[in-house]
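Offset between the sequence shown (1-based) and the numbering used here: plus 1395.
C-beta atoms are modelled at their ideal positions from N, C-alpha and C, and glycine is treated no differently.
Treat the numbers as computed from the prediction; the structure is a model and nothing was measured.
All remarks here apply to the structure that follows.
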Amino acid sequence: MNCPQCQQPMVKKSRADVTIDACPQCRGLWFDSGEIDDLKDQLTPSELHWTDFDLWRHQAGFKVSLDPLHCPRCPDTALTTIADKQTDTTVRFCPRCRGSWMTAEDFAGIVSALSSELDNFTAADYFRESLKQATNLVKSKKDPISDWKDLKAVLRLLKFRFFVENPKLDAAMKGFQKSLPL
Ligand SMILES: [Zn+2]
Ligand SMILES: [Zn+2]
1396 MNCPQCQQPM
1406 VKKSRADVTI
1416 DACPQCRGLW
1426 FDSGEIDDLK
1436 DQLTPSELHW
1446 TDFDLWRHQA
1456 GFKVSLDPLH
1466 CPRCPDTALT
1476 TIADKQTDTT
1486 VRFCPRCRGS
1496 WMTAEDFAGI
1506 VSALSSELDN
1516 FTAADYFRES
1526 LKQATNLVKS
1536 KKDPISDWKD
1546 LKAVLRLLKF
1556 RFFVENPKLD
1566 AAMKGFQKSL
1576 PL
């Protein structure tokens, strides 16, 4: 599968039971929808209550648009971009296969938004530490996959507030798809 941005072949990265595709050139990350879904089952009860938080709760501030990039799985389908002004985050989804694409900037923005959001919640030290490491990772511009342990913690959190489990993102995208000419 090629990177939707630079058309380079992406590299599959796996650890434990999670696999994602990463572009070695632009450091973008592709998640098949099932890959993020799988993370859900790995949360322990003590981690669960922190997942009450919602990064994308300000639906009125969403800006939904057609992305210039196409889905790497469904080449004739443009990705849908949802930009949230409130948290300064951007997410990109394929309306067909429900996979999502994160540029290195998108990922950095989400990690940073998670960090600020974390201040308002009682979170396990494990998460705080992981998020701190993820922030450093993003700042250092290293390959985010090189330290998968830290990335995985962030992804587990994202899973809960991402897309399928996030009614506001889901509604925004469905509404947008309906508004498109067939
Ligand atoms: Zn790329
Ligand atoms: Zn797709």
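Around the beta-carbon of residue 1514, fewer than 16 other beta-carbon atoms lie within 10 Å, marking it exposed. For residue 1501 and residue 1511, the gap between their C-alpha atoms comes out near 16 Å.
With respect to residue 1396, residue 1468 sits close: the two C-beta atoms are nearer than 8 Å.
For residue 1535, no beta strand (DSSP E) run applies, since DSSP gives it neither H nor E. Residue range 1562-1574 is occupied by the alpha helix (DSSP H) that includes residue 1564. For residue 1450, no beta strand (DSSP E) run applies, since DSSP gives it neither H nor E. In the DSSP assignment, residue 1479 falls within the beta strand (DSSP E) that extends over 1473-1479.
At least one heavy atom of ligand 2 is found less than 7 Å from the C-beta of residue 1472. Spatial neighbours of residue 1404 in its own chain (CB-CB distance under 7 Å, excluding positions within 5 residues in sequence) are listed in chain order as 1397. Boundaries of the alpha helix (DSSP H) harbouring residue 1501: 1499-1513, taken from the DSSP string. When the five nearest sequence neighbours on each side are left out, the beta carbons in the same chain lying within less than 7 Å of the beta carbon of residue 1423 are those of 1398, 1400, 1496, 1497, 1498 and 1499, in order along the chain.
Per the CB criterion, closer than 7 Å to any heavy atom of ligand 1, the qualifying residues run in chain order as 1398, 1400, 1401, 1403, 1418, 1420, 1421 and 1423. Rounded to whole angstroms, the separation of the alpha carbons of residue 1503 and residue 1533 is 6 Å. Within its own chain, the residues whose Cβ lies closer than 8 Å to the Cβ of residue 1473, once the five positions on either side in sequence are excluded, are 1461, 1462, 1463, 1464, 1465 and 1466, listed in chain order.
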